[in-house]
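Protein sequences appear in the order of chains U and H.
Note that my numbering gives residue 13 to position 13 of the first sequence, counting from 1, and the numbers run on in steps of one.
If you want my numbering, it's the 1-based position in the second sequence plus 1000.
Glycine included, each C-beta is placed from N, C-alpha and C at the ideal position.
2 protein chains.
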Amino acid sequence: MGVSTGLDDGNAGEALSSYLRTQATAFLRGLGLRGDDEDTADALLRGSARRIAGVLHTYGVLTDPAWAEPMRTELGWLGATLGREPQYAVRLGRLLDALRRLSVLAPAEEALTAAAAPLPQGADGGAGAEPAGGARRSAGAAVAARGTVPAQSSGPLAVGAARAAALLERQLTLARTRAHSATLQAMGSARFHALADSIALLASEVPLTARAAEPADQVLPPLAGQAHTRLADAAGTLPLRRAGHPYNAEAVQAALGADLTADLQDAPWHQVRILLRLSRYAAEVPGAGGHGDPRLAEAALVLQRHHEAAESAAAVAAAARTPRIAPATAYALGVLHADQRHEVEAARFAFSRLWQS
Amino acid sequence: MGVSTGLDDGNAGEALSSYLRTQATAFLRGLGLRGDDEDTADALLRGSARRIAGVLHTYGVLTDPAWAEPMRTELGWLGATLGREPQYAVRLGRLLDALRRLSVLAPAEEALTAAAAPLPQGADGGAGAEPAGGARRSAGAAVAARGTVPAQSSGPLAVGAARAAALLERQLTLARTRAHSATLQAMGSARFHALADSIALLASEVPLTARAAEPADQVLPPLAGQAHTRLADAAGTLPLRRAGHPYNAEAVQAALGADLTADLQDAPWHQVRILLRLSRYAAEVPGAGGHGDPRLAEAALVLQRHHEAAESAAAVAAAARTPRIAPATAYALGVLHADQRHEVEAARFAFSRLWQS
Chain U
1 MGVSTGLDDG NAGEALSSYL RTQATAFLRG LGLRGDDEDT ADALLRGSAR
51 RIAGVLHTYG VLTDPAWAEP MRTELGWLGA TLGREPQYAV RLGRLLDALR
101 RLSVLAPAEE ALTAAAAPLP QGADGGAGAE PAGGARRSAG AAVAARGTVP
151 AQSSGPLAVG AARAAALLER QLTLARTRAH SATLQAMGSA RFHALADSIA
201 LLASEVPLTA RAAEPADQVL PPLAGQAHTR LADAAGTLPL RRAGHPYNAE
251 AVQAALGADL TADLQDAPWH QVRILLRLSR YAAEVPGAGG HGDPRLAEAA
301 LVLQRHHEAA ESAAAVAAAA RTPRIAPATA YALGVLHADQ RHEVEAARFA
351 FSRLWQS
Chain H
1001 MGVSTGLDDG NAGEALSSYL RTQATAFLRG LGLRGDDEDT ADALLRGSAR
1051 RIAGVLHTYG VLTDPAWAEP MRTELGWLGA TLGREPQYAV RLGRLLDALR
1101 RLSVLAPAEE ALTAAAAPLP QGADGGAGAE PAGGARRSAG AAVAARGTVP
1151 AQSSGPLAVG AARAAALLER QLTLARTRAH SATLQAMGSA RFHALADSIA
1201 LLASEVPLTA RAAEPADQVL PPLAGQAHTR LADAAGTLPL RRAGHPYNAE
1251 AVQAALGADL TADLQDAPWH QVRILLRLSR YAAEVPGAGG HGDPRLAEAA
1301 LVLQRHHEAA ESAAAVAAAA RTPRIAPATA YALGVLHADQ RHEVEAARFA
1351 FSRLWQS
């Protein structure tokens, strides 16, 4: 496979290079933004890193593998590093929302609760079960105080919801802080600077193969088609018929099983999520014949939801392993875990309906 | 309203009396069976007591209220008394089945677990959290030993499933034993003997009103129709549109809210279940124009499932309030509670689809 850099208008290499240039520009814009708006900057960096890695994979025959493969490895590292902090933030938000939803008062109860004398606090005898945790503890307490996790409404079990919120807030905030430090460290590393230099070069020069000189409309659509076929094949192995039957209770089987049960169940769905992303990025390259099926974008959101719910359920199970938690806290975490596994099941149902339509 | 005992062939009173005679015969057969097969006997007694009370309600204008109303009160007492023991048995069976389902091993895990060295036991430090409980404790332990609640598979959290099973088995077996004693006591009481005498009289003579002398085909269908209208009206007030949307997560809102949340949510569904039963019994009377819509029988089963799941969830919440349970036990109970509330939601979904079809 010879390397060619001479491009004709309308050939596959030009189309791919043009796409990579766009992504490289986004990446560099993200870098420049970091001082002002870290979240937006990181989203840009992450999005372009994923897209570059994705199309280098799908259109692998068009680029020099000795250049592309190490590049993809480094992009994978960066994407994973940058992805962690927002994942923890999303996870915490999802779990606190779920706890609020699971603790809502019926309207008549709100009136009763408002009218009632203060109920005994700490009735589950769990004082000291969780470390006090200073400022982070007070964040969870504030959630309870706002009445969104109404600890005062029904004694020990509802107290557990507020404590579970505080515990998750503490653990996931700590994880998020660590991920933030890891990101800062990564961004200051020689490894990152080398990668940024390689990406900057994408704006000027992509090492292409001879195949890249062939017409875009002959080369790109079959390669994008292969990506879509890989997606369709993987989706075809999913238990879609079962998932399309509501309340099949399959995803929740994992709730009291070993963690491995969930992992084995979820992995094929996560795989489809990644193949779906690759297929969508492949279709973004000009001339790839991307027909922009709106179902793919919707399916991607549904599988994203599946992934977040599965990861959130795992975080709840991890929190439940915290030593010396109060039984009421553990109970609330159990309810929350099952709830998130049902969200997993709901996402499978939605994907099943969407994919088979 | 004069009382008439003179019946013409084909009049409403004769039709009702004939139905009541059939039920009285079933009741007396149940009484005779009690020495041999208590479960079958009690099911017969309960079924006929409910049916007699039901038709005396629906066809109230045909019988002397001074006789029918105290009779219905006594039948209600007997039905409730006899119903308790089987309810606890069904509840325990449902919850142990659910715990097994929630703890299943994926096939690959079974192999791993079989190959693995024994994992540490009691890692959650919960020794002594539940009283030992003698023989009943060993029943729960046997469930675990059979591998249906595989405590050995993933450390503290799965240990909780076996402990939750043992705790529920202990509590519900105790409740069942008490209900059994209460039944025996009731069956030996003067109150029961007076009721049995009244029922025996149904085989020979029902105190009817003048209205009962009118033709059955003119009197019974409108009364049965009224029972069906009451059912349809009550079903019409249910949130069927929302319930028909799968994974709406409404029923599980109650999981961490006050008990009242569940009660307020569930009560209208339970009410429809009772009206459905009354409507079905009314249609059983010959000449009532019962068209035997198979959807009604199916809907009754679905609402029965709704009721059992709701009561089971409440029993789990009660078990979670047991003092000094281990966190792993509380966690498993939380998962189980949410699971049963999802069963409630699944039953609402099924009813919604059925009723709107």
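Closest by C-alpha distance to W1355(H), out of V1302(H), Y1088(H), L1333(H) and A1328(H), is V1302(H). Listed along the chain, the chain U residues whose CB falls inside 8 Å of the CB of D1339(H) are A249, V252, A255 and A338.
For F351(U), the nearest beta carbon of chain H is not closer than 8 Å to its own beta carbon. With at least 16 other beta carbons inside 10 angstroms of its own, R1091(H) counts as buried.
Under DSSP, P1215(H) takes part in a beta bridge, and its partners are N1011(H). Contacts with chain H at 8 Å (Cβ-Cβ) do not include S312(U). One finds nothing in chain U with a Cβ atom closer than 9 Å to the Cβ of I1199(H); even the nearest lies about 40 Å away. The beta carbon of V335(U) sits closer than 8 Å to some beta carbon of chain H. Taking 8 Å as the cut-off, the Cβ atoms of A1332(H) and A1098(H) do not count as close. If you draw a 10 Å sphere on the C-beta of L1168(H), you find 16 or more other C-beta atoms in it, and that means buried. For the 8 Å CB-CB criterion, A41(U) and L33(U) form a contact. For the 8 Å CB-CB criterion, R280(U) and A313(U) do not form a contact. Its chain contains A347 as the residues whose beta carbon lies nearer than 6 Å to that of R305(U), once the 5 sequence neighbours on both sides are disregarded; these appear in chain order. For P246(U), the chain H residues whose Cβ falls inside 8 Å of its Cβ are P1246, Y1247, A1346 and F1349, in order along the chain. R1029(H) sits close to L1044(H), with the two beta carbons spaced by under 8 Å. When the Cα atoms are used, F349(U) and L1296(H) turn out to be separated by approximately 28 Å. Along the segment 82-102 of chain U, going in chain order, the ones with a CB nearer than 8 Å to a CB of chain H are L99, R101 and L102. The C-alpha of T173(U) is placed about 37 Å away from the C-alpha of Y19(U).
The beta carbons of A1255(H) and H1337(H) sit about 6 Å from each other, so the pair counts as a contact at 8 Å. Minimum Cα-Cα distance from L31(U) among the listed residues R84(U), D197(U) and H270(U) corresponds to D197(U).
In this structure, DSSP gives L16(U) a helical state, which the three-state scheme calls helix. Residue burial annotation: P327(U) is buried, with at least 16 other C-beta atoms found within 10 angstroms of its C-beta. For the segment 1276-1306 of chain H, the set of positions with a beta-carbon nearer than 7 Å to some beta-carbon of chain U is empty. For Y1331(H), the residues of chain U that pass the 7 Å Cβ criterion are A320, A330, Y331, L333 and G334, in the order they occur in the chain. Beta-carbon to beta-carbon, L220(U) and V272(U) are separated by about 23 Å, too far to satisfy the 8 Å threshold. Your pair A309(U) and A320(U) does not check out as a contact, with CB atoms roughly 17 Å apart and the cut at 8 Å. Nearest C-alpha to A1049(H) among L1082(H), V1061(H) and A1066(H): L1082(H).
Rounded to the nearest whole angstrom, the CA to CA distance from F351(U) to R242(U) is 12 Å. E1038(H): member of the alpha helix (DSSP H) spanning E1038 to T1058, first to last residue.
Inclusion of A1318(H) and R1176(H) in the CB contact set at 8 Å is not warranted, their separation being larger than that value. Residues of chain H whose Cβ lies closer than 9 Å to the Cβ of A165(U) do not exist; the shortest such Cβ separation is about 10 Å. DSSP places R273(U) inside the alpha helix (DSSP H), whose first and last residues are D259 to E284.
Using a Cβ-Cβ cut-off of 8 Å, P327(U) counts as an interface residue toward chain H, since at least one Cβ of chain H sits closer than that to its own. At a cut-off of 8 Å between beta carbons, A161(U) contacts chain H. The C-alpha of D39(U) is placed about 45 Å away from the C-alpha of R1163(H). A224(U) sits close to A283(U), with the two beta carbons spaced by under 8 Å.
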